[in-house]
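First the structure, in the form of structure tokens, and then the observations on it.
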Amino acid sequence: RRAMAKKPKNKFAGQAKKEGAKPNGNAKGAEVEEDAEPRMGRGKQSEFKLAEEMAQQHMEGESDSEEEQDHVTSKQVGSQGGRLAVMQQAQRDMGGNKMVEDRPAGSVGGGFRNKQRVLIIASRGITHRFRHLMLDIGKLLPHGTKDAKMESKDRPSVINEIAEMRGCNSALYFEARKHKDLYLWVARTPLGPSAKFLVQNIHTAGELKFTGNHLLFSRPFLVFDAAFDSEPHLQLLKEMFQQTFGTPKGHRKSKPFVDHTLAFYVLDGHIWVRNYQIAKTETTGETALVEVGPRFCLQLHRIFAGAFQGATIYSNVDYISPNVVRSREKLAKSAKYAARTEAQRQSNLRKQTQPQIKNPFAGVFK
């Protein structure tokens, strides 16, 4: 107990005694602080210096390897980036706004650059038949995006704001009226132009039940009739169809296969749309087209300068409103009714003008 009591409470007390200072006091030679750090032995100091030198050599080796790697990658980026810069400068000289599509995915500069997106939207009050047609067309557009239905009281120009929020530069608007008629708007948002069509002869893929089939979201061949190059408004429609229905190259949802065609034909002032599968016959090996669906017909109404608004660029003279067609049908039915009522009136008049002959034997058998 006495030995334990004589031990100094401070851990540096023994060191202070060796230096000639009292445990609880200060010596004349040096002052000892209670909060001073303990000294490290010679063995530990040598080990610490050795570890520090090894760490410094490792860091210098890594920096050298990183500099060599950066030098190699900078050469690669310089070669690819120079090629990309030349292509972009040539495109600026041509004055085009189209994105570069020939650059492979994952290359320097971003890979996929064609930002074509199509907004597919319908109006309130659309019927099930029109909705199925809209869904069939949506399956042909991997770059399409859907949105909620438009209210009938809203103007179609509101779609420009929706397309801007969704990041779309094209729009397909299915407008239903009176639960009988369907109008299709094809527009380039937000500046235009836009075209309004009356959709007729609607046949969805579900009701046709054709034997043709193709991959979902595969890229199609766009086939146009030679008549599209004959008139200016048809040339404009051809360009709008290419930008709307053409799947961008390298799109993340598209399949890297071309196994169907989307055909547009002009006949009798209407545009007929068909979807065919590209197949090969097993016996001969020749390429054949098998219809898949859907099929529908477009009658052009007007082309506007803006998107869903603006001045009228072209108006179809041969266009007849469905309301006028229904009124003419009613007039044709009313003509039949008028002829029948006129025949009844003439019959009654003849009966009144003819003399009545009394039968002399009328009361014999009473």
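Residue numbers (our numbering): 29 to 394.
Cβ atoms here follow ideal geometry from the backbone N, Cα and C, with glycine treated the same way.
Within 8 Å, strictly: CB atoms of residue i and residue j
i      : j      : result
Gly334 : Ser258 : no
Gln305 : Leu317 : yes
Ser151 : Met178 : yes
Gln327 : His298 : yes
Arg323 : Ser282 : no
Gly240 : Glu319 : yes
Tyr347 : Ile331 : no
Phe225 : Phe252 : no
Thr217 : Ala199 : yes
Asn188 : Arg145 : no
Three-state class that DSSP yields for residue i in the structure shown
i      : result
Gln228 : strand
Thr155 : coil
Asn52  : Only weak support exists for where Asn52 lies, its pLDDT of 48 falling under 50; the value from the coordinates is given anyway. It is coil, neither helix nor strand.
Lys77  : helix
Ala64  : For Ala64, the predicted structure reports a pLDDT of 46, less than 50, and the residue's modelled location is therefore unreliable. A value from the coordinates is still provided. Of the three classes helix, strand and coil, the one that applies to Ala64 here is coil, per DSSP.
Ala176 : coil
Phe393 : coil
Lys143 : coil
Ala44  : Model confidence at Ala44 stands at a pLDDT of 48, short of 50, so the residue's coordinates are unreliable; what they give is reported in the following sentence. In this structure, Ala44 counts as helix in the three-state DSSP scheme.
Lys283 : strand
His171 : coil
His160 : helix
Asp253 : coil
Pro184 : helix
Cβ distance (whole Å) where residue i is taken to contact residue j below 8 Å
i      : j      : result
Ala215 : Phe336 : 6 Å
Arg157 : Ile230 : 6 Å
Ala255 : Val301 : Ala255 to Val301, Cβ: 14 Å. No contact.
Val227 : Leu212 : 5 Å
His279 : Pro170 : 6 Å
Phe285 : Leu250 : Not a contact, Cβ separation roughly 16 Å.
Run of the beta strand (DSSP E) containing residue i, from where it starts to where it stops
i      : result
Gly234 : From DSSP, Gly234 is part of no beta strand (DSSP E) but of the alpha helix (DSSP H) over Ala233 to Leu236.
Phe269 : Run containing Phe269: none in the beta strand (DSSP E); it sits in the alpha helix (DSSP H), Pro260 to Phe273.
Phe202 : Ser198 to Arg205
Asp209 : Asp209 to Arg216
Tyr347 : Looking at the DSSP string, Tyr347 is not in any beta strand (DSSP E), and its letter there is neither H nor E.
Leu147 : Val146 to Ala150
Residue(s) in a DSSP beta bridge with residue i
i      : result
Pro248 : His288
Ile299 : Val294 and Leu326
Lys308 : Thr315
Ile385 : Per DSSP, none; premise fails for Ile385.
Phe332 : Ser222 and Thr340
Extent of the continuous alpha helix (DSSP H) to which residue i belongs
i      : result
Ala363 : Pro350 to Thr381
Ala191 : Ile187 to Arg194
beta-carbon residue i near the ligand FAD non-hydrogen atom, thresh 7 Å
i      : result
Ile154 : The ligand FAD is not part of the structure shown, which contains no ligands of any sort.
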